[in-house]
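Here the structure is laid out as structure tokens; the discussion comes afterwards.
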Amino acid sequence: MVATQPLAETRTQLQNITWQTFKAMLSEMGSERNNRIAYELGIVEIMTPLMPHENSNRLIEVFVGVMCEELGLEIKRTGSLTLTRDDLERGGEPDSSYYIQNESLVRDKESIDLEKDPPPDIVLEVEYSRSAINKVNLYAAMGIPEFWRFNGNVLRIYTLSGKEYTEVQISPTFNPILVKEIPRFIQQAKKNGENTTTREFRTWVKQQIPS
Numbered sequence: 001m002v003a004t005q006p007l008a009e010t011r012t013q014l015q016n017i018t019w020q021t022f023k024a025m026l027s028e029m030g031s032e033r034n035n036r037i038a039y040e041l042g043i044v045e046i047m048t049p050l051m052p053h054e055n056s057n058r059l060i061e062v063f064v065g066v067m068c069e070e071l072g073l074e075i076k077r078t079g080s081l082t083l084t085r086d087d088l089e090r091g092g093e094p095d096s097s098y099y100i101q102n103e104s105l106v107r108d109k110e111s112i113d114l115e116k117d118p119p120p121d122i123v124l125e126v127e128y129s130r131s132a133i134n135k136v137n138l139y140a141a142m143g144i145p146e147f148w149r150f151n152g153n154v155l156r157i158y159t160l161s162g163k164e165y166t167e168v169q170i171s172p173t174f175n176p177i178l179v180k181e182i183p184r185f186i187q188q189a190k191k192n193g194e195n196t197t198t199r200e201f202r203t204w205v206k207q208q209i210p211s
């Protein structure tokens, strides 16, 4: 029997939408919402996360925090930050975003302007279902140094080389930790509980850091 993925999100696509219309939609929808919206090449996609999607997203964020603590890295968590570039006519709202290398540059900021501020160092997209927007192209164009994509089973890590992403086995941010092992801890949390699994994850992280 083939295991089926749970329904983790719903996606709605709108075609032939201008950039100006997309910006107006963002303004009208406001920030107090749980859906994420993205735009590229005239396509608007509105993604509404369901519990499996959000649970995976939140657990990965916990694990990112643990890794930063154990490696002595500062972090600014910016969640589903709205990222838009008028010059590119592209926009997106990742499930999570993090400033780590550039944390000190945005530490006291209440909002981010990509015309003045650096983009997040890492963005995460949880995609149990296929998106109509090519997120690899989207975030590469925006200059996001590291892009994580989790499909419910596999966590893929992409790093920016020039203007394109290359899939890598080790996250340069969290080297030498084997970040791609995170999915097994997500599964483990469903059996052992999130706090127990977080403690086990911390122990596992410590074992990978040279003394």
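The sequence shown begins at 1 in full-length UniProt numbering and counts up one residue at a time. All C-beta atoms, glycine included, are put in the ideal place defined by N, C-alpha and C. These numbers come from a predicted model, not from an experiment.
According to DSSP, what are the bridge partners of A38?
Counting from 1 along the sequence shown, the entry for residue 38 is found at position 38. According to DSSP, which records beta bridges pairwise, A38 is partnered with E45.
Under a three-way DSSP split, which group does T21 fall into?
-> If you number the sequence shown from 1, residue 21 lands on position 21. Helix, per DSSP.
Exercise for the section: Would you mind working out which of A140, P145, L124 sits nearest I156, comparing C-alpha positions? Expected result: Translated into the one-based positions of the sequence shown, residue 156 becomes position 156. In the sequence under discussion, the amino acid at residue 156 is Arg, which differs from the Ile named in the question. Comparing Cα-Cα distances from R156 to each of A140, P145, L124, the minimum goes to L124.
Q: Would you decide whether L41 is buried or exposed? Buried here means 16 or more other CB atoms lie within 10 Å of its CB.
A: Translated into positions along the sequence shown, residue 41 becomes position 41. Label assigned to L41: exposed.
Original post:
Under a Cβ-count criterion, where at least 16 other Cβ atoms within 10 Å of its own Cβ denotes burial, should V2 be classed as buried or exposed?
Top reply: Along the sequence shown, read from residue 1 onward, the residue named residue 2 stands at position 2. In this prediction, V2 scores a pLDDT of 39, lower than 50, which makes its location untrustworthy; no coordinate-derived value is stated.
Spatial neighbours of S97 within its chain, please: C-beta separation below 6 Å, excluding the five flanking residues on both sides.
Counting from one through the sequence shown, the residue named residue 97 turns up at place 97. Excluding residues within five positions, the ones whose Cβ falls inside 6 Å are T78, L81, P120, V123.
- Item | The beta strand (DSSP E) enclosing Q15, as first and last residue numbers | In the sequence shown, the residue the question calls residue 15 occupies position 15. No beta strand (DSSP E) contains Q15, which DSSP labels as neither H nor E.
Closest to F185 by C-alpha separation, out of G152, D108, E45, would be which residue?
The residue given as residue 185 occupies position 185 in the sequence shown. Out of G152, D108, E45, G152 has the C-alpha closest to the C-alpha of F185.
Let me see if you follow: with CB-CB separation under 7 Å, is E54 close to chain B or not?
No chain B is part of this structure, which consists of one protein chain only.
TODO: From the DSSP output, read off the bridge partner residues of L178.
DONE: Here residue 178 refers to the residue found at position 178 when the sequence shown is read from its first residue. Paired residue(s): none; L178 is not in a bridge.
Should D95 go down as buried or exposed, given a rule of 16 or more other Cβ atoms within 10 Å for buried? In the sequence shown, the residue the question calls residue 95 occupies position 95. Buried, since its Cβ has 16 or more Cβ neighbours within 10 Å.
Residue from N137, L7, I182 with nearest C-alpha to G92: Counting from one through the sequence shown, the residue named residue 92 turns up at place 92. It is N137.
For P119, which three-state DSSP category applies?
By 1-based counting over the sequence shown, the position of residue 119 is 119. If DSSP states are grouped into helix, strand and coil, P119 belongs with coil.
- Identity of the residue in V62, V44, I182 nearest I17 by Cα: Sequence index remark: in the sequence shown, residue 17 carries index 17 (1-based). It is V44.
*According to DSSP, what are the bridge partners of residue 232?*
Nothing about residue 232 can be reported from this structure: the residues present for the chain run from 1 to 211 only.
Check: Which partner residues does Y98 have in the DSSP bridge list?
Finding: Along the sequence shown, one-based indexing puts residue 98 at 98. In the DSSP output, where bridge partners are listed per residue, Y98 has R77, I122.
Q: With a threshold of 6 Å, establish whether the CB of F147 neighbours any heavy atom of the ligand HEM.
A: Of ligands this structure carries none, so the ligand HEM is not represented either.
Item checked: Backbone CA spacing between F63 and F201 [nearest angstrom] -> Indexing the sequence shown from 1 puts residue 63 at position 63. Indexing the sequence shown from 1 puts residue 201 at position 201. Approximately 7 Å between the Cα atoms of the pair.
Checklist entry - For S129 versus E9, is the C-beta spacing smaller than 7 Å? => result Locating residue 129 in the sequence shown gives position 129, counting from the first residue. Locating residue 9 in the sequence shown gives position 9, counting from the first residue. Contact flag set, yes.
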